[in-house]
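S.K.:
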Ligand SMILES: Cc1cc2nc3c(=O)[nH]c(=O)nc-3n(C[C@H](O)[C@H](O)[C@H](O)COP(=O)(O)O)c2cc1C
C-alpha cells in the first residue's frame, strides 16, 4: 500500500491520511481552510471547552465555525466529566464533523488542575468512561469518537498502552499518540517507537503526532511506524504547503515546493479569511504571529517581521505582502 492512502474510521471514510493537528491559537477556521485547500485531508479545531460549550459561553461556539471549502473537519473537546463531555459532544455533532476527538494531552496547568487534558493520562478508567459517554450520547448514526493521548504523565509513568486500550474499550474508533510525556511538554524528541507499537497492537487506526516537521519526515513517520495517518502541528505553521508536499513525498512524486508568490498568496488568503471570521482589528492582531511564521526564511524576512508585529490593518499587511514579493523577485 502507498504511504498515502484513504482511511476508514468507524463509519467515516477519509480520502487520505494527512491531518492538521488541533493547535490552540492556530487551527482556527481561516488556517484550517488554507491547509484543507493545500491538501490536508482533515483538520482539527483547536480544543474546545466542554464546560463552556454546555454552559452557553458566548464565544465558544465560534471555535467550531468553518469556511465554505472545508467540507470535512474534526472537532476536539476537552473536559473531565463524562456527563459534560456527552452533552458537549451532542452540541458539537450539530456542526456535522467527521470526528469528535477527546483531548488527553494538554499540559497547560489550568487545564490539568481541572482534571482535563493530560490529567486524564493519570486515570485511564476515566478516559474509557468519557469516551463511552460520548459514544452513547452520539448514538449509532453519530460521528465516531476518537482520542488524542500522550506517552504518559512523565518518564516514570509511560502508560500510553493502557490509556489507548482504555479509549478503545470505551468505543474510540481511532487514536492519536503525541509521543511525548506531559513533563516533556513540546520539547525533546517524540518517541516514534511508541507510535509503531500502538499501530501494531491496537485494532483501530493509530495516528502519529510529534516531530513530523517536514514533508519528508511526515512520510518517514508512516514508513517507519506503520501508523495509519500523520498529524502535523508546528510543521504547518506558516507552511501550509507541507500537506501537498507530504502527499508527494508519500507517493514518491517530485517535490511540490511553493514559489514565493504562492507563499504570499497563501498568507494573503489566510488573512482575508481571518478578517471574515474575526473582523479586521482582531484578525490583524492574531495574524501577526502567523505572518512571522510565513516569512521565516524569506529574503528580507527580519525587516518584514519587525513591521508585521506592529501591523493593525489589512492595508498595512498588504504593503508588507508587496514588499515580501518585491524582495523575492529575481
Ligand atoms: C501552540 C500549540 C497548541 C496546541 N494545542 C493543542 C490542542 O488544542 N489540542 C491538542 O490535542 N494538541 C495541541 N497541541 C499539540 C499538537 O497537536 C501536537 O500533538 C504537538 O505539537 C506535536 O506535534 P508537532 O511536533 O507536529 O508540533 C498544541 C501544540 C502547540 C505547539
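In the working numbering, the protein residues as written are 266 to 595. Glycine residues also receive a C-beta, built at the ideal position from the N, C-alpha and C atoms.
Start and end of the alpha helix (DSSP H) containing residue 349?
M.R.: First-last of the alpha helix (DSSP H) with residue 349: 347-358.
S.K.: Output the distance between the C-alpha atoms of residue 451 and residue 576, rounded to the nearest integer angstrom.
M.R.: Answer to the nearest angstrom: the Cα atoms are 29 angstroms apart.
S.K.: Could you spell out where the alpha helix (DSSP H) holding residue 579 opens and where it closes?
M.R.: Taken as a continuous stretch (DSSP letters only), the alpha helix (DSSP H) holding residue 579 covers 579-593.
S.K.: For residue 472, report the span of its alpha helix (DSSP H) as first-last.
M.R.: Per DSSP, residue 472 belongs to no alpha helix (DSSP H); it is in the beta strand (DSSP E), 471-474.
S.K.: Assuming residue 415 is part of the beta strand (DSSP E), what are its boundary residues?
M.R.: Counting along the chain, the beta strand (DSSP E) containing residue 415 begins and ends at 410-417.
S.K.: Measuring only from the beta carbon, is residue 273 closer than 8 angstroms to any heavy atom that is part of ligand 1?
M.R.: No, Cβ of residue 273 sits at least 8 angstroms from all heavy atoms of ligand 1.
S.K.: Suppose you measure from the CA of residue 565 to the CA of residue 337; what does that come to, to the nearest Å?
M.R.: Answer to the nearest angstrom: the Cα atoms are 37 angstroms apart.
S.K.: Quick one: grab the DSSP three-state call for residue 268.
M.R.: The answer is coil: DSSP assigns residue 268 none of H, G, I, E or B.
S.K.: Output the residue ranges of the beta strand (DSSP E) runs that lie fully inside the region 458-504 and measure 3 residues or longer, sorted by chain position.
M.R.: Listed in chain order, they are 471-474 and 494-497.
S.K.: Any heavy atom of ligand 1 closer than 8 angstroms to the beta-carbon of residue 334?
M.R.: No; taking the cut-off as 8 angstroms, the Cβ of residue 334 has no heavy atom of ligand 1 nearer than that.
S.K.: Quick one: is the Cβ of residue 375 within less than 8 angstroms of any heavy atom of ligand 1?
M.R.: Every heavy atom of ligand 1 is 8 angstroms or more from the Cβ of residue 375, so no.
S.K.: Would you say the region 429-441 touches the region 456-474, given that touching needs at least three Cβ pairs under 8 angstroms?
M.R.: Yes, the region 429-441 touches the region 456-474.
S.K.: With DSSP as the reference, please indicate the residues paired to residue 555 in a beta bridge.
M.R.: Per DSSP, none; premise fails for residue 555.
S.K.: Taking DSSP as the reference, what is the three-state secondary structure of residue 446?
M.R.: If DSSP states are grouped into helix, strand and coil, residue 446 belongs with the strands.
S.K.: Measuring CB to CB, does residue 271 end up less than 9 angstroms from residue 368?
M.R.: For residue 271 and residue 368, no; Cβs fall outside 9 angstroms.
S.K.: Give me whichever residues DSSP pairs with residue 340 in a beta bridge.
M.R.: Paired residues: 365.
S.K.: If you reduce the DSSP assignment to three classes, tell me which class residue 284 lands in.
M.R.: In this structure, residue 284 counts as strand in the three-state DSSP scheme.
S.K.: Please work out which residues of its chain come closer than 6 angstroms, Cβ to Cβ, to residue 399, disregarding the five sequence neighbours upstream and downstream, and give them in chain order.
M.R.: Closer than 6 angstroms at Cβ, skipping near neighbours: 350, 351, 354 and 410.
S.K.: Excluding the five sequence neighbours on either side, which residues of its own chain have a C-beta within less than 8 angstroms of the C-beta of residue 483, listed in chain order?
M.R.: Result list for residue 483: 283, 477, 495, 497, 500, 507, 511, 514 and 515, in chain order.
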